[in-house]
Amino acid sequence: MRPSIPFAKCRRQVHLDFHTGPTCENVGRDFDKETFAQTVKNAHINSMTVFAKCYYPTKFGKMHPYLDFDLLGAQIEALHSVGARAPIYLTMNWDDYAGEIHSEWVVVEKSGIAKIRPPLTAMFGWAHVDVLTGYGEYLVSQVREILDMYGDAVDGFFFDICAPQTNYSAMSQARMRSEGVEIDNDGAVWEYVRVKYYAYVKRLSDVVLKARPDASIFYNSSVKPTLNLMLPYQTHLEIESLPTGGWAWGDFGGIKTSHQLEYEVGTIVAAGGLISVGDQLHPHGVLDPAVYTLIGKCFGKIESLEPWLNGAVTEAEVALLAVGNMDPAGKDWDKYNSAHFSDLNGAAQMFLERGVQFDVIEATTPIADKYKMLVLSDGSLISDDLRDRITEFIARGGKLILSGTAVKNDIPAVPVRYVSPAPTTPSYLRLDTFLTRLPSSELSCDYDYVFYDTAHVVEPTTSTAESFGTLSQALFNRTWKHLTSHAHAPVGDSLGSPIVVRDPSVLYFAAPLLGSFMRNDYWCYRDIVLAALEDWMPRRLIVPRAPGWMEFSLHVQVLGTCKRKIVHIVAYHPRRTWQSKPHVDQGWSVTGVGFRLLDAEGWGLPRRVYLAPEEEEVEFKMKEGYVDVELEKVEIHTVVVVEW
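Numbering-wise (this note's numbering), the sequence shown opens with residue 58 and increments by one.
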């Protein structure tokens, strides 16, 4: 019997990897359905993704040579017996067995090299197979087989390694030529595979939903700047990422501390997400008790928090526009498929450090009235439609932040004329008394701060525009015949050009400080931006009294007549290490932390303020439209509820 829990409430998920090599013996030998189920139940898990390919009796493919029973079916039964969902994992673009028996399905790079694990090596990787060949029908047959075999027990599918890929095999070239594709034109080839790939994905989703209309579907590798192209074909997103280290997973024998997992899980729920923790099953089919004790400790706390998580929505005052490095014509797929510009990441980092609440939205997303400000990245190239919508947003009273060459988009309200790039890289920033006025900052107006990237010479165009700071060039650009000291040259002549230009509606940075903060992490870039924002942005939703490594996130939850604003505080406690990735395996209580929470809706004096899930009362006071809260201590993940 399938679990009754709605998919949207499956907040405590484990993704159970099972990439078992063909020479591993005794696969599933020690699997016990009752023990497996009890382990999952004790760990407070309500969803677990389990692997299909090679682990069930199939006519389309091959069951693992050392597995002698239906492991997939047994896992589904075990999970359903304790009320947990069991989404089914299948790979799309990787399949070693299919590539071995059908070499014509294997992707060939333009160089003529087959995309397989190099022969006679133990390198990471699998055979890349092409869904536009017969492999596509093979995969559809596997999906249909699973739907037929397990019937109503199918909760959903997790398809992995999903992205368009060019293929220059002889068969693929012949097919493209027969369909009129100029195969020596990279843009034309990418456009062809993109159209064909999304048509295939639609077909695959249609097969699933026709048989199981309420099934969940997710295509992994789709969470990237091209996300909007995949949204119509999946029910949700799963972000294969860690708050501490980006993209990674635990190896065999590697385990987190409880503090580390609590930090990562706290960061996820603070962002409004559901949780999926990665694990990898031993080939013999036994879950590691220590791992599931750890997960259970963390998930138990999350389960106790769910009355304050379910139905809560995140609040935001700023929208970061995810545009700029997209190639809407599809002429350069590598560029089209790349990461967002660093301005986006730099702005996110700055705002996280100061408790500014933000969303990241795509160019096609309506610019909601809840946003008071928009951020447009340096280098952004926007459409006429987006330009019109930004103009309308400003006319409604919204504010726009932009930098660098984004000014070239000719948005009518921007009071800046672009002149040229600065003649040297780096250049220097000489600040004035306005930009150095904040007592919390160490900025000085008698120092030239290096700007490591390319800055820009601009001119204000209206009498209402204010200008702050002055841009200077270096003595010269460093070359093999013109250099001094160890790196760049020191400051030279002033360019007489402003660093910051703003009027009541627009804030422009001639030095793209947001992106450079992400790349260089120079503290002064953050402080310059915050100084320019301080008296310009509308009243903030949250004003923390805390260090920048303590992150504040705001949710709103309305339950009948009960209204709640819920503040998640996540304390980032890194320690010094020789490793390149930060380590947060130790946490500590922090005192002297507080915040002011804006009563933007005019709800008045709160009925109570307390910690969740303990419901321990917290003292507060009202002042100038803010609820002022002082906390006795803050843990790794602390949740404060302000209730009306």
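All C-beta atoms, glycine included, are put in the ideal place defined by N, C-alpha and C.
query: Excluding the 5 residues preceding and the 5 following residue 385 in the sequence, name in chain order all residues of the same chain whose CB lies nearer than 7 Å to its CB.; result: In this prediction, residue 385 has a pLDDT of 43, which is less than 50 and means its spatial position is unreliable; what the coordinates show is noted afterwards. Hits under 7 Å: none found.
query: In its own chain, which residues sit with a C-beta less than 8 Å from the C-beta of residue 115, not counting the 5 before and 5 after it?; result: 199 and 202
query: Give, in chain order, every unbroken run of the alpha helix (DSSP H) that is at least 4 residues long and sits entirely within the segment 543-583.; result: 570-577
query: Buried or exposed for residue 283, going by 16 or more other Cβ atoms inside 10 Å?; result: buried
query: One question on the structure: do residue 72 and residue 106 come within less than 9 Å of each other, judged by their Cβ atoms?; result: yes
query: Mind checking residue 353: buried by the 16 CB within 10 Å criterion, or exposed?; result: buried
query: Using the rule of at least 16 other Cβ atoms within 10 Å of the residue's Cβ for burial, across every protein chain shown, is residue 679 buried or exposed?; result: exposed
query: Which whole runs of the beta strand (DSSP E) in the segment 191-222 are 3 residues long or more, in chain order?; result: 213-217
query: Does DSSP put residue 155 in a helix, in a strand, or in coil?; result: helix
query: To the nearest angstrom, how far is the alpha carbon of residue 393 from that of residue 248?; result: With a pLDDT of only 46 at residue 393, under the threshold of 50, the placement of this residue in the model should not be trusted, and no figure is reported.
query: Run the CB neighbour count on residue 370, radius 10 Å, all protein chains shown included, and call it buried at 16 or more, exposed below.; result: exposed
query: Here's a check: name, in chain order, each residue in its chain whose Cβ is nearer than 7 Å to the Cβ of residue 660, leaving out the five neighbours to either side.; result: 620 and 701
query: Does the beta-carbon of residue 382 have 16 or more other beta-carbons within 10 angstroms, so that it is buried, or is it exposed?; result: Because the pLDDT of residue 382 is 49, which lies under 50, any placement of that residue in the model is unreliable, and the question is left without a value.
query: On the criterion of 16 or more Cβ atoms from any shown chain inside 10 Å, does residue 110 qualify as buried, or is it exposed?; result: buried
query: Which same chain residues, not among the five before or five after residue 725, have their C-beta less than 8 Å away from its C-beta?; result: The first residue shown for the chain is 58 and the last is 701, placing residue 725 beyond what the model contains.
query: Using the C-alpha atoms, what's the distance from residue 548 back to residue 535?; result: 13 Å
query: What would DSSP say about residue 242, mapped onto helix, strand or coil?; result: coil
query: Whose CA, out of 117, 134, 136 and 113, lies closest to the CA of residue 125?; result: 113
query: Would you kindly work out how many angstroms separate the C-alpha atoms of residue 614 and residue 294, rounded to a whole number?; result: 22 Å
query: Helix, strand or coil: which one does DSSP assign to residue 289?; result: helix
query: Out of curiosity, what's the CA-to-CA distance linking residue 167 and residue 243?; result: 10 Å
query: Report the CB separation of residue 469 from residue 517 in whole angstroms; it is logged as a contact under 8 Å.; result: Residue 469 to residue 517, Cβ: 15 Å. No contact.
query: What's the gap between the Cα of residue 705 and the Cα of residue 610?; result: Here the chain covers residues 58 to 701 and nothing more, so residue 705 does not appear.
query: Return the Cβ separation of residue 598 and residue 414 in integer angstroms, given the expectation that the two are a contact with Cβ distance under 8 Å.; result: 5 Å
query: Taking just the CA atoms, how far does residue 296 sit from residue 368?; result: 21 Å
query: My output table needs one value for residue 234: the three-state DSSP class, helix, strand or coil.; result: helix
query: In three-state terms, what does DSSP make of residue 442?; result: helix
query: With distances taken Cα to Cα, identify the nearest neighbour of residue 432 among 417, 231, 426 and 421.; result: 417
query: Please report how far the alpha carbon of residue 343 lies from the alpha carbon of residue 85, in whole angstroms.; result: 8 Å
query: Let me make sure I understand the geometry here. Which of 187, 172 and 186 has the alpha-carbon closest to that of residue 180?; result: 172
query: Secondary structure at residue 171, three-state DSSP: helix, strand or coil?; result: strand
query: Determine whether the beta carbon atoms of residue 361 and residue 63 lie at a separation below 9 Å.; result: no
query: Ignore the nearest five residues each way along the sequence and tell me which others in residue 77's own chain have a CB closer than 7 Å to its CB.; result: 84, 121 and 340
query: From 568, 665, 634 and 493, pick the residue whose C-alpha is nearest to that of residue 623; which is it?; result: 665
query: Here's the rule I'm using: 16 or more other beta-carbon atoms within 10 Å means buried, otherwise exposed. How should residue 683 be labelled?; result: buried
query: Helix, strand or coil: which one does DSSP assign to residue 337?; result: strand
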